Amino acid sequence: MRQELVHVIAGNSFAIGDAQGDIEVDPYAPIGLFSFDTRFLSRWVLTLDGQRMHALSRDDLTFFETRFVLVPGTASHYIDADVSVIRHRSIDDSFTERITVLNHSTQPTDFTLRLEIGSDFADIADIRDPAPHRVTAAADAARRELRLRYQRERFTRETLVTSTADGEVDERGMTFRIRVAADGEWSTDLHVRALIHGAAGRDLRADLDSHRHAVHRSMREDLAGWRDRAPRLIAEREALVRAYDCALTDLAALRYTPLSYRERVPVGGLPWAMALYGRDAMITCLETLPFTPELSPATLRLLALLQGGQLDDQHDEEPGKILVELRYGEVAAFDEQPTALYYGAADTTPLFVILLDEYERWSGDAALVRQLRHPARMALDWIDEYGDACGDGYLRYQRRNTRNGLVNQGWRNSPDAIVDRHGRQPAFPRATCELQGYAYDAKIRGARLAREFWDDPAYADRLEADAARLRERFNRDFWLPQREYYALALEPDGTPVDALTSHLGHLLWSGIVEPERAGALAAHLCGPELFSGWGVRTYAAGQRPYNPVGAHLGAVWPADNALIATGLRRYGYDAEAARIAAGIFAVAETLEGSLPEVIAGYPRPVTKYPVQLPAAGRPQSWSSGAVLMLLGTLLGLRPCGDNLLVNPALPEGFGRIELLDVPGRWGRSDAYGRDRVTGGRPRAR
């Protein structure tokens, strides 16, 4: 078993080390201090009198600080150790570690404390096989500082380490020769600042300090304010309250301010996705509107600012297209990967319109809808102009960047994710089913915005007519009557791709499904091929490509399940939605902490424990958001004009739930529910 890893987070900056607090390079994990996609510390190893430290305990105080209690030597020395060390680690405007040495003997004692320090300035996208970097080191004992620097043309990164105590400073670290009084202590504060001075061809000059809250107190106050603004949950089931509180804290941790921007937006999640992902951010916003609506306007404005404006094959950019990824590392800066501004997604653009409309329904923020009229219309135009690659009225994708662009450009973006039940991959351009649902929903919502806010009823009529034709065409061409579900995709010649997947729930969420077919979809989603007991699998068992540990071929994603449950409730299948929500909440309760990005799709009776996949992010923004969305779905929260509608349908055993001070255009309202789901005849809404 691998040793436990410990992290602290502040926005998109994070540090991951071992259980003793040491940082040493691991080619299989992003160990180190990272910020804006660069590793600023790759070595941070503490010794006392030449001995490595071992942990007695650790206290995770909050997401941005933790404390290690250590002793030198092996476990046999723990009982009678006459010295111990406390490492108090935190991250905000800088990475800070207070090291305290405690002398438990009755005599003054001399110690040599050594901290090995190094940085390889690796890009997080390249840490499995980082390119060698020529790093310069400048040691200044008078200033108590060590400066590490890497430069490639205008791309410059520096790590500045300073100490509050006198010591010896060399190019590989700091040494402190100290005398500690009997029953006394000695301490020093070490500050590590990550500095950005520029990037090749891009105006990214910034000191990261300008993007952080200056002191721990402000971070604590910010977290307290974030939690105070969110609704208060009271529940008989205490584990539900813990899951809710944890999700709120995770969402607070996973906010960052991009360079050249002023507002905080969600990052994807720890450790691989600590950057802006358009899809993840928008779905997180949709999940959290009844709880933390402040995420949405910042995200919408940023994505509008970065909206595609030209044809660029390298970055899969097209006019009107909404960004999928924004990175600042060396690999992105020199276009070794197209991630500096990458647009390789077909779902982000309709999701932008969906989020804009949904945000207005909750907030009443008509000013933002009017402000973003042009980006929203560009997004709607993109669906028909560039998204309709075959001219048959379906939203499709095919990468422009054939060298290293994403092959699949929906949320299932792994290369093998889109296959039929026999394992055959369809031809390009691909029209996956959920894209049609998103496009339909975007047109319906765009019509409302045009009619109510943009003073363009003719445009609204056209969008509604387009949506009606798309719905009719979709229900004709995608429906597989012998299977009683919709095809995963259509090939360019119209051939349906037969595979049973969780995408059926996204179709319910979008509203494109004919009501008489919803019951068959609900039965599939809760049937043994798709429902594992923990949640709905991405790909149903019994098909040849099914793999319970395949991220998009059988694993279970909480964010996916949140949309599925919401879709089921939209069509009146309350008992089925409650069953799925109960499964995901069981994952959160069993793991006792952040809800992981994805778990294996093994049947629950087989493992009796949710198996987290090794590459899964945790915490992860749209998984944390899923906890909130599922809670809102179970309570049936829905805006209706200036009122909040509540229609609870809770799983058996959940008891009574109270959600107090739900924010919205109505001000603040309360919601209540009790577990009385019995199933029965669905009601369409």
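First residue of the sequence shown: 44, per this note's numbering; consecutive thereafter. Virtual Cβ for every residue (Gly too), placed ideally from N, Cα, C. Keep in mind that this is a model prediction, so the values were computed, not measured.
Taking Cβ positions, are L276 and L702 nearer each other than 7 Å?
Yes.
Any idea if A714 is buried or exposed, counting beta-carbon neighbours within 10 angstroms, 16 or more meaning buried?
Counting Cβ neighbours within 10 Å, A714 comes out buried, since at least 16 surround it.
Is A750 near V51, with beta carbons less than 7 Å apart?
The structure shown does not extend to residue 750, since the chain spans only 44 to 728, so no value can be given for it.
For V592, which option in A624, G562, I642 has the closest C-alpha, if you only look at C-alpha atoms?
Checking every option, the nearest Cα to that of V592 belongs to I642.
What does the Cβ neighbour count give for S148, buried or exposed, with the cut at 16 atoms within 10 Å?
By the neighbour-count rule (16 or more Cβ atoms within 10 Å), S148 is not buried but exposed.
When you compare the CB positions of Y528 and A474, do they come within less than 7 Å of one another, or not?
No; because the gap between Cβ atoms is not below 7 Å, this pair is not in contact.
Taking just the CA atoms, how far does P469 sit from L688?
Roughly 43 Å separates the two Cα atoms.
Using DSSP with H/G/I as helix, E/B as strand and the rest coil, what is I555?
Coil, per DSSP.
Taking the continuous alpha helix (DSSP H) assigned at I607, which residues delimit it?
Looking at the DSSP string, the run of the alpha helix (DSSP H) that includes I607 is 601-613.
From Q414 to L366, what does the alpha carbon distance come to, in whole angstroms?
Near 19 Å, if we compare the C-alpha coordinates of L366 and Q414.
Would DSSP call I365 helix, strand or coil?
It is coil, neither helix nor strand.
Would you list the residues sitting across from C683 in a DSSP beta bridge?
Bridge partners of C683: N686.
Look up G216 in the DSSP assignment and give the residues it is bridged to.
Partner(s): E159, D213.
Output yes or no for whether 7 Å exceeds the beta carbon distance between Q94 and P115.
Cβ atoms of Q94 and P115: closer than 7 Å.
Provide the residue span of the alpha helix (DSSP H) that contains F57, from first to last.
Note, F57: premise wrong, no alpha helix (DSSP H); beta strand (DSSP E) at 56-61.
Write down every uninterrupted run of the beta strand (DSSP E) in the region 48-118 whose length is 3 residues or greater and which is fully enclosed by it, in chain order.
Listed in chain order, they are 48-53, 56-61, 75-78, 81-84, 86-91, 94-105, 108-115.
Excluding five sequence neighbours on each side, which residues of the same chain lie with their C-beta closer than 7 Å to the C-beta of N456?
These residues qualify, in order along the chain: L449.
Who pairs with V204 in a beta bridge, going by DSSP?
In the DSSP output, where bridge partners are listed per residue, V204 has L189, V235.
Work out the CA separation of A388 and Q441 for me, nearest whole Å.
About 9 Å.
Leaving out five residues before and five after P333 in sequence, what residues of the same chain have Cβ atoms less than 6 Å from its Cβ?
Result list for P333: G675, L680, V705, in chain order.
For G351, which residues from the same chain have a beta carbon less than 7 Å from its beta carbon, with the 5 sequence-adjacent residues on both sides left out?
So the list reads E360, E361, P362, G363, K364, Y386, once near-sequence residues are dropped.
Considering only DSSP beta bridges, list what L523 is partnered with.
For L523, which the question treats as bridged, DSSP gives the partners Y528.
Grab the span of the alpha helix (DSSP H) containing H417 for me, first residue to last.
Element bounds for H417: 416-428.
Counting only beta-carbon atoms, is G585 nearer than 7 Å to chain B?
No chain B appears in the structure shown, which is made up of a single protein chain.
Could you tell me the boundaries of the alpha helix (DSSP H) in which V284 lies?
Its alpha helix (DSSP H) spans residues 281-296.
Between S553 and V579, how many whole angstroms is the CB-CB distance? I'm expecting something under 8 Å.
Not really, about 16 Å apart at Cβ, beyond 8 Å.
If you run the structure through DSSP and keep just helix, strand and coil, what is G626?
It is helical.
Applying the criterion that 16 or more other CB atoms from any shown protein chain within 10 Å of the CB defines a buried residue, is T445 buried or exposed?
Exposed, by the Cβ-count rule.
Check each candidate in S133, S575, D65 and name the one with the smallest Cα separation from A53.
Ranking the options by Cα distance to A53, first place goes to S133.
To test your reading of the DSSP string, which unbroken alpha helix (DSSP H) runs of 4 or more residues are found completely within the region 442-501?
Fully enclosed alpha helix (DSSP H) runs of 4 or longer: 476-495.
Find out if the Cβ-Cβ distance for the pair A318, F198 is shorter than 7 Å.
Not in contact: A318 and F198 (Cβ atoms no closer than 7 Å).
Roughly how many whole angstroms lie between the Cα atoms of F138 and V235?
So the two alpha carbons sit approximately 5 Å from each other.
Under a three-way DSSP split, which group does G312 fall into?
Three-state DSSP puts G312 in a strand.
Identify, in the order they occur along the chain, each residue of the same chain with its Cβ nearer than 7 Å to the Cβ of H767, setting aside the five sequence neighbours on each side.
Residue 767 lies beyond the range of the chain shown here (44 to 728); nothing can be said about it.
May I have the straight-line CA-CA distance separating G660 from D498, to the nearest angstrom?
One C-alpha to the other measures close to 43 Å.
What is the rounded straight-line gap between the Cα of P648 and the Cα of W577?
Distance between the alpha carbons of P648 and W577 is about 10 Å.
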